[in-house]
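A.B. asks: Residues 885 to 1323 (our numbering) are what the first sequence spells out, left to right.
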Amino acid sequence: MERILISETIKYIGQKVKVSGWVNSRRDHGKIVFLDLRDRTGILQIVCVPDLVKEINEEWVLEIEGVVQERPAKMINPEIETGKVELSAENIKILAKAETLPFDLRDLKVTLPTLLDYRPLTLRNEKINDIFKIKEQIIRSFRKTLEDLGFYEFQSPIITPTNAEGGAEVFHINYYDYNAYLAQSPQLYKQILVGAFEKVFTVTNIFRAEPSMTTRHLSEYISLDAEMGFINSWEDLMDTCEIIIKNIFSDLQIKFKTSIPQISDKIPRIKMREAQQIIFERTKRDNRKEIDLEPEDEKEICNFAKEKYGSELIFITHYPTKKRPFYTFTDPADEDYTLSFDLLCRGLEITTGGQRINDYGKLVSNIKKWGNKPEDFEFYLQTFKYGMPPEGGFAFGAERIVKQILGLENVREASLFPRDMERVDQRLSLLQPKKKIKR
RNA sequence: GCGGGCGUAGUGUAGCCUGGUUCAACACGCCUCCCUGUCACGGAGGAGAUCACGGGUUCAAAUCCCGUCGCCCGCGCCA
């Protein structure tokens, strides 16, 4: 007999079927026992005699044959999709046993370290599972939108030759007899590919060795990167971001019961200096001379956007040239500022983007100005030496989008297998205490 | 790197401020028994923690002090 999925059982009333899955819970009434069986599509109540389920308990993997029965009206469970039916078990095959669980998996009340210590198990919890279904949907929507807009998808190298962008700390690796680094961004490669494919995007893991243990940083995260040539204006980039984020939100709204951030027809766009002035007026906190917004400022400006524009997202533009990488295009009207932007969502930056310098000479002089050697960038510079249209791009942090949409407390909850200063699956302090390198 | 906080059964917490009949409580889980309609079933009983580790103060420490380690949060840096 072929296995059917639990969500399909409602179509088999009165028929004999076979279902497979994990035991979600066991309710033992002595002469009758109820099991909730869980597969990837849902939960089904199994009714059986005690002899059939003797020592079976949570997370055992079973294959059950039985008849799908309609439940009497009084016993319908409106909470679950299959609540109108149940399976009367005739035969149960144990595919795998499971040890006693370390905590209540259905009602997870564990601290973050425990949640991550038991990641293979906690991923089975419905709410945790949903986080990653939502994350998958976000990535799909990003990909679908850009495909529809004619972008070329590529896979970016993870091993890179130099500390390409400067700024963020990179992970060093031994590469045969040479030094190499883990990619901190697909930036240079997506630009190179604009020279060949015009419009490109990638979904890629990137690595940051920042010594940051905060609720919004990861050492390895998924970057949703796009880059496009022949732009008419740097504002084209924000327009494209808007299309993507709106598609992500509408796709999520269709499939999930999440509270999508409120968003106006057009996401407000304000200059960083204006934002600082607004924050000063609202809070009397004077950060008007700072070259970036503090986390507290980002929250405040989002409050402002929600109150004034009915949008929980806002573009902050024109960051200071000093604050941005060497390839960032400066504003012709004021060279101290760049044609770049961050997109904030509910108080946190989820996207960074901007126009890039496409002039070879200017790029070379900027590399020098930022303290790097043009020789180290010869490979990348070919793109510009041999003709590059006006272009720009942006990158979304996948985990940060998930965190902000679901209101998660820590970005690590939005990573299947988060890497940070203290953990690579297991806690580093327990795994290899003697190998810790003091720096 | 700096600052603040926490570390009590498998899990989540209470007790700590105001040291002493609490050598430790509650919930979930676990073990035994009862229960044919529950759906995080219910009922009765039971086991499980030398209160992170080391040192100190005291007649007496989970409770106060110091150190170590671990963890969390904020800042810095960064996305």
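Glycine included, C-beta positions come from ideal geometry on N, C-alpha and C.
What did DSSP end up calling Tyr896 once you bin it into helix, strand or coil?
C.D. replies: Here residue 896 refers to the residue found at position 12 when the first sequence is read from its first residue. In this structure, Tyr896 counts as helix in the three-state DSSP scheme.
A.B. asks: How long is the line joining the alpha carbons of Tyr1002 and Glu1233, rounded to whole angstroms?
C.D. replies: In the first sequence, the residue the question calls residue 1002 occupies position 118. In the first sequence, the residue the question calls residue 1233 occupies position 349. Going by the C-alpha atoms only, they are around 29 Å apart.
A.B. asks: Checking 9 Å against the spacing of the C-beta atoms, do Leu1066 and Ile1057 come in under that value?
C.D. replies: Residue 1066 sits at position 182 when you count from the first residue of the first sequence. Residue 1057 sits at position 173 when you count from the first residue of the first sequence. In contact: Leu1066 and Ile1057 (Cβ atoms closer than 9 Å).
A.B. asks: Counting along the chain, where does the beta strand (DSSP E) carrying Asn1063 start and finish?
C.D. replies: Here residue 1063 refers to the residue found at position 179 when the first sequence is read from its first residue. First-last of the beta strand (DSSP E) with Asn1063: 1062-1066.
A.B. asks: According to DSSP, simplified to helix, strand and coil, what is Asn1187?
C.D. replies: Position 303 of the first sequence, counted from the start, is the residue given in the question as residue 1187. DSSP places Asn1187 in helix when its eight states are reduced to three.
A.B. asks: Phe1263 and Leu1247 look like a contact to me (Cβ under 8 Å); what is the Cβ gap, rounded to whole Å?
C.D. replies: Position 379 of the first sequence, counted from the first residue, corresponds to residue 1263. Position 363 of the first sequence, counted from the first residue, corresponds to residue 1247. Actually they do not touch by this definition, with Cβ atoms about 13 Å apart.
A.B. asks: Name the two residues that bound the continuous beta strand (DSSP E) containing Gly1113.
C.D. replies: Position 229 of the first sequence, counting from 1, holds the residue named residue 1113. Run containing Gly1113: 1104-1113, per the beta strand (DSSP E) assignment.
A.B. asks: Near Lys1207, which residues of its chain fall below 7 Å by C-beta distance, leaving aside the five closest residues on each side in sequence?
C.D. replies: On the first sequence, residue 1207 is found 323 positions in, with the first residue counted as 1. Within the same chain, Lys1207 has close Cβ partners Ile1175, Asp1176.
A.B. asks: Grouping DSSP H, G and I as helix and E and B as strand, with all else coil, what is Tyr1002?
C.D. replies: Numbered from 1 along the first sequence, position 118 holds the residue referred to as residue 1002. It is coil, neither helix nor strand.
A.B. asks: Taking 9 Å as the cut-off, decide whether the C-beta atoms of Lys1190 and Gln1161 are in contact.
C.D. replies: Taking the first residue of the first sequence as 1, we reach residue 1190 at position 306. Taking the first residue of the first sequence as 1, we reach residue 1161 at position 277. Against a cut-off of 9 Å, the Cβ pair of Gln1161 and Lys1190 comes out as no contact.
A.B. asks: Considering only residues of the same chain and omitting the five flanking positions on each side of Leu999, which have a CB-CB separation below 6 Å?
C.D. replies: Numbered from its first residue, the first sequence carries residue 999 at position 115. Thr1006.
A.B. asks: Can you give me the Cβ contacts of Asn1131 inside the same chain, cut-off strictly under 6 Å, excluding the 5 residues immediately before and after it?
C.D. replies: On the first sequence, residue 1131 is found 247 positions in, with the first residue counted as 1. Here the set comprises Ser1025, Thr1029.
A.B. asks: Tell me which residues share the same chain as Lys1155 and place their Cβ nearer than 6 Å to its Cβ, disregarding the 5 neighbours each side in the sequence.
C.D. replies: What you label residue 1155 is simply residue 271 of the first sequence in a count that begins at 1. So the qualifying residues of the chain are Thr1201, His1202.
A.B. asks: Do the region 1009-1028 and the region 1287-1306 touch if we need at least three Cβ pairs shorter than 8 Å?
C.D. replies: They touch, by the three-pair rule.
A.B. asks: Kindly identify the DSSP beta-bridge partner or partners of Thr1086.
C.D. replies: Residue numbering aside, residue 1086 sits at position 202 when the first sequence is read from its first letter. In the DSSP output, where bridge partners are listed per residue, Thr1086 has Asp1109.
A.B. asks: Would you mind stating whether Met1122 and Phe1225 have Cβ atoms separated by less than 9 Å?
C.D. replies: Taking the first residue of the first sequence as 1, we reach residue 1122 at position 238. Taking the first residue of the first sequence as 1, we reach residue 1225 at position 341. Yes. Within cutoff.
A.B. asks: Taking its Cβ as the centre, do 16 or more other Cβ atoms sit within 10 Å of Ser1143, making it buried, or is it exposed?
C.D. replies: Taking the first residue of the first sequence as 1, we reach residue 1143 at position 259. It is exposed - the Cβ of Ser1143 has fewer than 16 other Cβ atoms within 10 Å.
A.B. asks: Would you mind working out which of Phe1038, Lys1183, Gln1068, Gln1239 sits nearest Asp1120, comparing C-alpha positions?
C.D. replies: On the first sequence, position 236 is the one that residue 1120 refers to. It is Gln1239.
A.B. asks: Could you check whether Lys900 and Gly967 sit closer than 9 Å to each other, using their CB atoms as the reference points?
C.D. replies: Residue 967 sits at position 83 when you count from the first residue of the first sequence. Residue 900 sits at position 16 when you count from the first residue of the first sequence. In this structure, Lys900 does not lie closer than 9 Å to Gly967 by Cβ.
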